[in-house]
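**Student:** Attaching a single structure in structure tokens format; questions to follow.
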Amino acid sequence: MDSAPLLDIHGVRKSFLKPDGGELLVLDGIDLTLKEGEIVGLLGRSGSGKSTLLRLIAGLAEPAAGSVTYLGNEVAGPPPGIAMVFQSFALFPWLTVLENVQLGLEALGLPSDEIRRRAIEAIDLIGLDGFESAYPRELSGGMRQRVGFARALVVHPNILLMDEPFSALDVLTAETLRTDFLDLWSEGQLPIKGVILVTHNIEEAVLMCDRILIFGSNPGRILKDLKVELPHPRARLDPDFRELVERIYVEMTAKAAPAAQKRAERPAGTGIGTILAPVSTNLLSGLLEAVAAPPYEGEADLPVIAASLQLEIDELFPVAETLQMLRFAEVAGGDIRLTAEGRRFAGLDTDERKRLFAQHLLNHIALAGHIRRVLDERPEHRAPWSRFADELEDHMSPAAAEQSLRAVIDLGRYAEVFAYDDEKHVFSLDNP
Ligand code: ADP
Ligand code: MG
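Converting from the sequence shown to our numbering requires adding 3 to each position, the first position being numbered 1.
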């Protein structure tokens, strides 16, 4: 039996206005349906527009083009029947658990005994029995997140939208909450008909979803729609589970590579507009070293190396991409392969590494080369933060400009090619 979709999204496009008046295209050509009984995952790196899409579905924002249809009606303003769970909830500290959950119902204008009855029911369902009169400060992070779930479930929504609901929790708590949620869902105990789960965690998506939509960035779009046919309860160590995780890794890195490749191929001196991701220099050299060493000998499977370094994809991609921009590695098809220079780096001592790194940084990361040239040319060899921030803001948002400058400062400090004074907000060649 094929029921009509709960939610139907066609050709959705969304953009924001940039400070310079230009348009930042965040979502383009989004098609998505959610049917009764489905958990659909939106999987992608941060900035790919997942939260924006949830806001469109929840009626908190309007698409620039295309349509969002909920139960046959175009969404205009928050529809009753769609509730949202966030990464962390703003619980009111002066209200008890029960009162915090009841809040979710107050807008519905129900009689007060009905409100109380439903709130207690939601609290019991989500495993908060006995905590009705506790205050948020008395609860652990996991319990607070359960209050958030109860507040969303108490309205008996048709669709539950979840935006990275487990990512602020420690590993064990997150897993317990996921499993509890899946148990209730598969036993049909949750008062909901369909779920959209936003995540950047591949394993979480494979564990929980019936379908996974893989998002690409710039602009956010759906690259792939994957069915997950594994029976529940799913085991992370099951070979079929691992194989699917691996396939998704390959999918995501294959799409991530061309953009970084293009950036790497730009001649030095241009490409200041490239947004740099903050990465730890320890991770950069750590990843180089790990890939250079046995058993990998210069070439490794990204999922394998990620697991062995205990990295998440949001950490792994920027590191691998920065190595690619620096031309110490190539990333393609789920693999990372060191270049000859990358292999050389791994074999050097600390001082020699810094020299090689400095050379690659100045030659291949345009912003670093630019800052160094400006400092070299100025008689005092100093320039304020705003000198570069203003320039970058012609190419990107102020937030992206700040992020890129912070990232290049870390790289520049590590390579000792320039210094930055955090208090005076000044770049210099002082004792770099
Ligand atoms: P994700 O949830 O996948 O991490 P988001 O939907 O939060 O991505 O953001 C996608 C892009 O849209 C980002 O580049 C972000 O900076 C931008 N963005 C989100 N909301 C706004 C806004 N209100 N104004 C301007 N830009 C925004
Ligand atoms: Mg988000």
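Glycine included, every Cβ here is placed at the ideal spot set by N, Cα and C.
(1) Can I85 and I60 be called in contact, C-beta distance under 8 Å?
(2) Between L27 and the ligand ADP, is the CB less than 7 Å from at least one heavy atom?
(3) Flag F19 as yes when its Cβ comes closer than 7 Å to any non-hydrogen atom of the ligand ADP, and as no otherwise.
(4) Quick check on A296: does DSSP put it in helix, strand or coil?
(5) Give me the pocket residues for the ligand MG, defined as CB within less than 7 Å of any heavy atom, sorted by chain position.
(6) Tell me which same chain residues have a C-beta within less than 7 Å of the C-beta of F331, skipping the five on either side of it?
(7) With a CB to CB cut of under 6 Å and the five nearest residues on each side skipped, what residues in its chain are close to L142?
(8) Below 8 Å between beta carbons: does that hold for A153 and I126?
(9) Can you list, in chain order, the residues of its chain with a C-beta nearer than 6 Å to that of R214? Leave out the 5 residues immediately preceding and following it.
(10) With distances taken from CA atoms, which of V71, V157, P194 and P321 is nearest H13?
(11) What are the start and end residues of the beta strand (DSSP E) that includes S54?
(12) I'd like the span of the beta strand (DSSP E) that includes S431, first residue to last.
(13) Return the CA-CA distance between L57 and P298, expressed in angstroms with no decimal places.
(14) Determine contact between the segment 412 to 427 and the segment 40 to 55, defined as no fewer than three beta-carbon pairs at a distance below 8 Å.
(15) Within the segment 197 to 221, note down every full beta strand (DSSP E) run reaching 3 residues or more, in order along the chain.
(16) Jot down the residue ranges of each uninterrupted alpha helix (DSSP H) in the segment 134 to 169, minimum 4 residues, whole runs only, in chain order.
(17) Can you tell me which of the three DSSP states K21 falls into?
(18) Confirm, please, whether the CB-CB distance from Q90 to E167 is below 8 Å.
(19) Helix, strand or coil for N434? Go by DSSP, reduced to three states.
(20) Helix, strand or coil: how does DSSP classify M4 here?
(21) At the level of alpha carbons, what is the spacing between N366 and T284?
(22) Compute the beta-carbon to beta-carbon distance between S431 and H384, rounded to the nearest angstrom, for a pair I have assumed lies under 8 Å.
(23) What is the residue span of the alpha helix (DSSP H) that K357 lies within?
(24) Starting from G47, trace the alpha helix (DSSP H) both ways and give me its first and last residue.
(25) Just tell me which of A93, D34 and L98 has its CA closest to the CA of L10.
(26) Give the straight-line distance between the Cα atoms of D1 and G289, rounded to the nearest whole angstrom.
(27) For E249, which residues of its own chain have a beta-carbon under 6 Å away from its beta-carbon, when the five flanking residues on both sides are left out?
(28) Which residue spans inside the segment 400 to 429 form an unbroken alpha helix (DSSP H) run of at least 4?
(29) Just checking G219 against the ligand ADP - is the residue's beta carbon closer than 7 Å to any of the ligand's heavy atoms?
(30) How would you write the range of the beta strand (DSSP E) that E333 sits in, first residue to last?
(31) Can you list, in chain order, the residues of its chain whose CB lies under 6 Å from that of G47, leaving out five sequence neighbours each side?
**Tutor:** To lay it out plainly:
(1) Within the sequence shown, numbered from 1, the residue matching residue 85 stands at position 82. Within the sequence shown, numbered from 1, the residue matching residue 60 stands at position 57. In this structure, I60 lies closer than 8 Å to I85 by Cβ.
(2) Working through the sequence shown from its first residue, we reach residue 27 at position 24. L27: yes, Cβ under 7 Å from the ligand ADP.
(3) Residue mapping note: residue 19 aligns to position 16 of the sequence shown, counting from 1. Taking the Cβ of F19 as the reference point, at least one heavy atom of the ligand ADP falls within a distance shorter than 7 Å.
(4) Counted from its first residue, the sequence shown places residue 296 at position 293. Reduced to three states, the DSSP call for A296 is coil.
(5) The set, ordered by position in the chain, is S49, K53, S54, D166, E167 and V201.
(6) The residue given as residue 331 occupies position 328 in the sequence shown. Short of 7 Å from the beta carbon of F331, and not among the five residues preceding or following it, lie these beta carbons of its own chain, in chain order: L291, L341, T342, E344, G345, F348 and H363.
(7) Counted from its first residue, the sequence shown places residue 142 at position 139. Excluding residues within five positions, none has a Cβ falling inside 6 Å.
(8) On the sequence shown, residue 153 is found 150 positions in, with the first residue counted as 1. On the sequence shown, residue 126 is found 123 positions in, with the first residue counted as 1. The Cβ atoms of A153 and I126 lie closer than 8 Å to each other.
(9) Taking the first residue of the sequence shown as position 1, residue 214 is located at position 211. Excluding its 5 nearest sequence neighbours in each direction, R214 has C-beta neighbours in its own chain below 6 Å: V43 and K230, listed in chain order.
(10) Against the sequence shown, residue 13 aligns to sequence position 10. Among V71, V157, P194 and P321, the Cα nearest to that of H13 belongs to V71.
(11) What you label residue 54 is simply residue 51 of the sequence shown in a count that begins at 1. Premise fails: S54 lies in the alpha helix (DSSP H), K53 to I60, not in any beta strand (DSSP E).
(12) Translated into the one-based positions of the sequence shown, residue 431 becomes position 428. Annotation for S431: the continuous beta strand (DSSP E) segment containing it runs V429 to S431.
(13) By one-based count along the sequence shown, residue 57 stands at place 54. By one-based count along the sequence shown, residue 298 stands at place 295. Taking the straight line joining both Cα atoms gives about 42 Å.
(14) At 8 Å Cβ cutoff, the stretches do not touch.
(15) Listed in chain order, the complete beta strand (DSSP E) runs (minimum 3 residues) inside the segment 197 to 221 are 197 to 202 and 214 to 219.
(16) Correct list: 144 to 156.
(17) As a first step, residue 21 is located in the sequence shown; it is residue number 18 there, counting from the start. DSSP places K21 in coil when its eight states are reduced to three.
(18) One-based indexing of the sequence shown puts residue 167 at position 164. One-based indexing of the sequence shown puts residue 90 at position 87. For E167 and Q90, yes; Cβs fall inside 8 Å.
(19) The count along the sequence shown starts at 1 and reaches residue 434 at position 431. Secondary structure of N434 (DSSP, three-state): coil.
(20) Residue numbering aside, residue 4 sits at position 1 when the sequence shown is read from its first letter. A caution first: M4 carries a pLDDT of 47, below 50, which makes its placement in the model too unreliable to give a value.
(21) By one-based count along the sequence shown, residue 366 stands at place 363. By one-based count along the sequence shown, residue 284 stands at place 281. Approximately 18 Å between the Cα atoms of the pair.
(22) Here residue 431 corresponds to residue number 428 of the sequence shown, with the count starting at 1. Here residue 384 corresponds to residue number 381 of the sequence shown, with the count starting at 1. With 8 Å as the limit, S431 and H384 qualify as a contact, their Cβ atoms being about 6 Å apart.
(23) Indexing the sequence shown from 1 puts residue 357 at position 354. Going by DSSP, K357 is part of the alpha helix (DSSP H) stretching over T353 to H367.
(24) As a working mapping, residue 47 is identified with position 44 in the sequence shown. In the DSSP assignment, G47 falls outside any alpha helix (DSSP H), carrying neither H nor E.
(25) For the purposes of this step, residue 10 is identified with residue 7 of the sequence shown, where counting begins at 1. When each option's Cα is compared against that of L10, the closest is D34.
(26) There is no way to answer for residue 1, as the model of the chain reaches only from 4 to 435.
(27) Translated into the one-based positions of the sequence shown, residue 249 becomes position 246. Hits under 6 Å: P306.
(28) Counting whole runs of 4 or more residues, the segment 400 to 429 contains the alpha helix (DSSP H) stretches 401 to 418.
(29) Here residue 219 corresponds to residue number 216 of the sequence shown, with the count starting at 1. Flag unset: Cβ of G219 not near the ligand ADP.
(30) Counting from one through the sequence shown, the residue named residue 333 turns up at place 330. Residue range A332 to A335 is occupied by the beta strand (DSSP E) that includes E333.
(31) For the purposes of this step, residue 47 is taken as residue 44 along the sequence shown, with counting starting at 1. Around G47: K53 and F218.
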